[in-house]
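Comments concern the structure below.
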Amino acid sequence: MVTSSSPEVTDSESIVTQAAEWVVLMSDEENPPSTAQKQAFLDWRNQDPQHDEAVDKLQTLLGDIQQFPRSASKAALSVSTSKAYHQHSWQTLAKTFVLLMVIFIPMFVWLPDKVTLMMADKQTSVGDWQSYTLADNSVIMLSSDSAINVDFNHSQRTIHLLKGEIRVKVSKNRQRPFVVKTEHGSLTALGTEFSVDKRSDYTLLKVIESTVAATCQRQGCDVKPLQPGQQIRVYAEHLGKVSDFSVADVSLMWNKHQLMVDGMPLNEVLTILNRFHKGYFYFDAQQLENYHVSAVLPLDNPQSALALLADSFPLKVTHISPWWTAITVVPKT
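So for the sequence shown, UniProt numbering puts the first residue at 1; every next one is plus one.
Okay, here's the thing in structure tokens:
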């Protein structure tokens, strides 16, 4: 069962595409926009804050299109002497370029993570789950698209979580603390069971057994010990609030590969599902954060989970390619 809240929605399905078309039109030196077109562009930007934000992001991402060499573009387009043909071809090329950049830039951002995954000591591919017994007899499980480096010495056992999520059953050794480190902070245990989920802005610690001490990356950061059934978000500069979670829900995920959520924002649910999907889910996180999900979703079949969400929320799911899925809000009728 999926339950949801219902905030006011805005149809932003084509905002990025419209913004790209406006940027091309306003940047054409050979066929400058008319006064009426400039006013129409201004009116469009002022119509919705999302319009203005989309234009700003595109201009920041792509820079000023006027900086592209006109001679080079013309030579690549055609040897025709028709000025009108050149103008039309340049506009077509520029528009195509902008739209392709909008689509493919996230993929270039995604590639470095794949390189890191490939070079890690232990890693899993998308949709894969693996369990390893370490040199100290601790057992570590990696969920989908995760990567770790292992650094054990005579005084400390350190796991560097580079990406994704792990569950650890630590072999007790009071002389050698067991530490999981991310870019956000450190999590220290002597003998316990816990999970660590590295996300873009924070690391989420959930303690299943015994005690784990959490601290952030900042020098002088507080240290908070957590008990079984407690979780905390560790940010680079501070620690979040300690809250409770269901240990049974965590076991359901790791043993049955099912995600149980109770009131989780829809954008966070999609972020989790995307890690189990061989492709990219494109969505506006801010647009979806006010919808809340209570459901049990299959992690090994994220497309089925997405279909379930689309049946329960005003969503439109567009499969642009096998690797690219756009998720947008359907406006109220």
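Using N, Cα and C, we set each Cβ at its ideal position, and we do this for glycine too.
Predicted model only: the values in this text are computed from it and were never measured.
(request) Compute the beta-carbon to beta-carbon distance between MET141 and TRP44, rounded to the nearest angstrom, for a pair I have assumed lies under 8 Å. (result) The residue given as residue 141 occupies position 141 in the sequence shown. The residue given as residue 44 occupies position 44 in the sequence shown. Contact flag wrong, Cβ pair sits at about 50 Å.
(request) Measure the Cβ-Cβ separation of LEU315 and VAL293 and say whether it is below 8 Å. (result) Within the sequence shown, the letter at position 315 stands for residue 315. Within the sequence shown, the letter at position 293 stands for residue 293. Not closer than 8 Å, so no.
(message) According to DSSP, simplified to helix, strand and coil, what is PHE276?
(response) To locate residue 276, count along the sequence shown from 1; it is residue 276. In the structure shown, PHE276 sits in coil (DSSP, three-state: anything other than H, G, I, E or B).
(request) Just the C-alpha distance for LEU299 and PRO331, rounded to the nearest angstrom, thanks. (result) In the sequence shown, the residue the question calls residue 299 occupies position 299. In the sequence shown, the residue the question calls residue 331 occupies position 331. Near 28 Å, if we compare the C-alpha coordinates of PRO331 and LEU299.
(request) Could you say if the region 278-297 and the region 253-269 meet the contact criterion of at least three C-beta pairs nearer than 8 Å? (result) yes
(request) Leaving out five residues on either side along the sequence, give the residues of the same chain with a beta carbon under 7 Å from the beta carbon of LYS169. (result) Your numbering for residue 169 matches position 169 in the sequence shown. Within the same chain, LYS169 has close Cβ partners SER138, VAL139 and GLU193.
(message) I'd like the list of long-range same chain contacts for PHE283, defined as Cβ closer than 8 Å, with 5 residues on each side in sequence excluded.
(response) Counting from 1 along the sequence shown, the entry for residue 283 is found at position 283. These residues qualify, in order along the chain: ASN267, LEU270, ALA326, ILE327 and THR328.
(message) Under 8 Å, with one C-beta from each stretch per pair, do the region 182-197 and the region 206-214 reach the 3-pair mark?
(response) yes
(message) Taking its Cβ as the centre, do 16 or more other Cβ atoms sit within 10 Å of ALA19, making it buried, or is it exposed?
(response) As a working mapping, residue 19 is identified with position 19 in the sequence shown. The residue is buried, with at least 16 neighbouring Cβ atoms inside 10 Å.
(message) I need the DSSP call for ASP244, collapsed to helix, strand or coil.
(response) Taking the first residue of the sequence shown as 1, we reach residue 244 at position 244. Looking at ASP244 - three-state DSSP - the assignment turns out to be strand.
(request) Compare the Cα-Cα distances from PHE239 to each of GLN219, ASP249, HIS160 and ARG275 and report the closest residue. (result) By 1-based counting over the sequence shown, the position of residue 239 is 239. The sequence given here has Leu at residue 239, not Phe. Comparing Cα-Cα distances from LEU239 to each of GLN219, ASP249, HIS160 and ARG275, the minimum goes to GLN219.
(request) Using the Cα positions of TYR85 and PRO32, report the straight-line distance between them to the nearest angstrom. (result) Taking the first residue of the sequence shown as position 1, residue 85 is located at position 85. Taking the first residue of the sequence shown as position 1, residue 32 is located at position 32. Note that TYR85 has pLDDT 46, beneath the 50 cutoff, so the model's placement of it is unreliable and no number is given.
(message) Tell me the residue span of the alpha helix (DSSP H) that contains LEU288.
(response) As a working note, residue 288 is residue 288 in the sequence shown. That run of the alpha helix (DSSP H) goes 285-288.
(request) Please state if the CB of GLU165 and the CB of SER195 are separated by a distance shorter than 8 Å. (result) Position 195 of the sequence shown holds residue 195. Position 165 of the sequence shown holds residue 165. Result yes, Cβ atoms of SER195 and GLU165 sit closer than 8 Å.
(request) Can you have a look at PRO302 and say buried or exposed, based on whether 16 or more other CB atoms are within 10 angstroms of its CB? (result) Numbered from its first residue, the sequence shown carries residue 302 at position 302. By the neighbour-count rule (16 or more Cβ atoms within 10 Å), PRO302 is buried.
(request) Would you give the residue range spanned by the beta strand (DSSP E) that PRO302 belongs to? (result) Here the question's residue 302 lines up with position 302 in the sequence shown. Per DSSP, PRO302 belongs to no beta strand (DSSP E); it is in the alpha helix (DSSP H), 302-312.
(message) Considering only their Cβ atoms, is the gap separating LEU226 from VAL250 smaller than 8 Å?
(response) As a working mapping, residue 250 is identified with position 250 in the sequence shown. As a working mapping, residue 226 is identified with position 226 in the sequence shown. Taking 8 Å as the Cβ cut-off, VAL250 and LEU226 do not qualify as a contacting pair.
(message) For ILE272 and LEU288, which I take to be in contact (beta-carbon distance under 8 Å), what is that distance rounded to the nearest angstrom?
(response) Position 272 of the sequence shown holds residue 272. Position 288 of the sequence shown holds residue 288. With a Cβ gap of about 13 Å, ILE272 and LEU288 do not count as contacting.
(request) Under 7 Å Cβ to Cβ from ASP128, same chain only, skipping five residues before and after it: list those, please. (result) Residue 128 sits at position 128 when you count from the first residue of the sequence shown. Correct list, in chain order: SER144.
(message) By DSSP's criteria, residue 354 is part of a beta bridge. Which residues make up the other side?
(response) One cannot answer for residue 354 here, as it falls past the ends of the chain, which runs 1 to 333.
(message) For LEU134, which residues in the same chain have their Cβ closer than 7 Å to its Cβ, ignoring the five residues on either side in sequence?
(response) Taking the sequence shown and counting its residues from 1, the one referred to as residue 134 is at position 134. For LEU134, where only same-chain residues beyond five positions count, the Cβ hits under 7 Å are ILE140 and VAL150.
(message) Rounding to the nearest angstrom, what Cα-Cα distance links PHE324 and ILE15 in this structure?
(response) Looking up residue 324 in the sequence shown gives position 324. Looking up residue 15 in the sequence shown gives position 15. Correcting the residue identity first, residue 324 is Trp in this sequence and not Phe. So the two alpha carbons sit approximately 18 Å from each other.
(message) Just to confirm the assignment: which complete beta strand (DSSP E) runs, minimum length 3, are found wholly within the region 131-186?
(response) 139-142, 147-152, 157-169 and 178-181
(request) For the beta strand (DSSP E) holding LEU205, just list the boundary residues, first then last. (result) Counting from one through the sequence shown, the residue named residue 205 turns up at place 205. LEU205 -> beta strand (DSSP E) spans 203-209.
(request) Use the C-beta contact count for ASN274: other C-beta atoms within 10 angstroms, 16 or more gives buried, fewer gives exposed. (result) Start at 1 with the first residue of the sequence shown, and residue 274 comes out as number 274. Classification for ASN274: buried.
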